[in-house]
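The sequence shown begins at 317 in the working numbering and counts up by one. Just so you know, even glycine gets a beta-carbon here, dropped at the ideal spot from N, CA and C. All values derive from a computational prediction rather than experimental measurement. Note sheet for the following structure.
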Amino acid sequence: MISNNFSETIFVIIAIIVSLTIHEYSHAVAATVLGDDTPKVYNRLTFNPFSHIDLVGFLALLVVKFGWAKPVPVNPYNFKNRRVGIIITSIAGPISNILLAFFSALILFKTNFTQESLGVAEFLKILFFMNTGLAVFNLLPLPPLDGSKIFAELFRGKMAYYIYSFEKYSNLILFMLLWFAPFRSILIYLNRLLGTIIINLVQIFI
Numbered sequence: 317m318i319s320n321n322f323s324e325t326i327f328v329i330i331a332i333i334v335s336l337t338i339h340e341y342s343h344a345v346a347a348t349v350l351g352d353d354t355p356k357v358y359n360r361l362t363f364n365p366f367s368h369i370d371l372v373g374f375l376a377l378l379v380v381k382f383g384w385a386k387p388v389p390v391n392p393y394n395f396k397n398r399r400v401g402i403i404i405t406s407i408a409g410p411i412s413n414i415l416l417a418f419f420s421a422l423i424l425f426k427t428n429f430t431q432e433s434l435g436v437a438e439f440l441k442i443l444f445f446m447n448t449g450l451a452v453f454n455l456l457p458l459p460p461l462d463g464s465k466i467f468a469e470l471f472r473g474k475m476a477y478y479i480y481s482f483e484k485y486s487n488l489i490l491f492m493l494l495w496f497a498p499f500r501s502i503l504i505y506l507n508r509l510l511g512t513i514i515i516n517l518v519q520i521f522i
């Protein structure tokens with residue numbers, strides 16, 4: 317018999333791969349629809365996880381439950397409206413995670429799981445929390461996360477300068493912050509808050 321810990325680890329790894337791949341694919345689709353073919357040129361308009369997974373971000377997700385993938389390359393000057401294009405492309409990833417969390421919860425609430433299908437229920441729970449966590453984390457205004465681009469374009473000026481000036485140190489800063497307990501506590505609180513909101517929305521459909 318496979319131990320619960322082993323099966324849970326497998327579920328977590330699968331959930332990470334699925335969630336990050338869909339997140340980055342959503343960025344690529346949004347950019348392409350808005351007129352930028354850069355994601356296609358760099359082979360990011362694909363469901364192949366190897367095109368999207370960032371090793372450091374993947375390990376961070378495994379260890380501290382928050383992480384990231386390779387940013388999708390985008391040329392904002394290909395957008396008809398540069399500012400709007402950046403915002404829509406950036407927010408597409410977190411929205412995909414929120415939708416994944418929503419449908420995971422919806423299936424969980426609407427399905428009567430048998431003893432044989434409890435593994436599916438466990439995977440859906442993991443997928444739910446994985447995606448609320450990814451949505452919250454990626455909306456933070458820290459480069460290279462999606463939130464940094466959204467905030468930079470919304471507020472511009474000095475805000476944009478400060479955000480983008482930290483980009484070259486981004487992975488190191490993020491990894492250090494994730495080991496900082498108060499920072500993780502804030503993320504956990506926001507994760508639970510988003511999870512509660514999604515579950516309340518799901519209740520409308522059941």
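In this structure, L493 sits near L458, with a CB-CB distance shorter than 9 Å.
When DSSP states are grouped into helix, strand and coil, Y358 belongs to the coil group. In the displayed model, D353 falls within coil according to three-state DSSP, outside both helix and strand. Y393 counts as exposed, since fewer than 16 other beta carbons sit within 10 angstroms of its beta carbon. A distance below 9 Å separates the beta carbons of L422 and I522.
Our two residues, G373 and V436, have alpha carbons roughly 26 Å apart in a direct line.
By the Cβ criterion, the stretch 459-474 is in contact with the stretch 393-411, since at least three pairs of Cβ atoms, one from each stretch, lie closer than 8 Å. Distance check between I402 and each of I411, N391, S412 places N391 closest, using alpha-carbon atoms only. Cβ-Cβ distances below 6 Å link M446 to A331, S335 in the same chain, with the five nearest sequence neighbours on each side left out; the list follows chain order.
With fewer than three CB-CB distances shorter than 8 Å, the stretch 473-489 does not count as touching the stretch 355-363.
Approximately 5 Å separates the beta-carbon atoms of L350 and F395; this is inside 8 Å, confirming the contact.
The residues P355, K356, L361, in chain order, have a CB closer than 7 Å to that of T348 in the same chain once the five nearest residues on each side in sequence are set aside. Comparing C-alpha distances from L440 to each of N413, L455, S420, N454 shows the shortest one belongs to S420. Around the CB of K465, 16 or more other CB atoms lie within 10 Å, so the residue is classed as buried. Sequence-distant partners of S342 (beyond 5 residues in either direction) whose C-beta falls short of 6 Å from its own C-beta, in its chain, are A408, G409, S412.
If you draw a straight line from the Cα of F382 to the Cα of F499, it is about 11 Å long.
In the three-state DSSP reduction, P387 falls in the coil class, being neither helix nor strand.
Your pair V518 and F425 checks out as a contact, with CB atoms roughly 6 Å apart and the cut at 8 Å. By the neighbour-count criterion, in which 16 or more other beta carbons inside 10 Å mark a residue as buried, S481 falls on the exposed side. By the Cβ neighbour-count rule, A497 is exposed, with fewer than 16 other Cβ atoms within 10 Å of its own.
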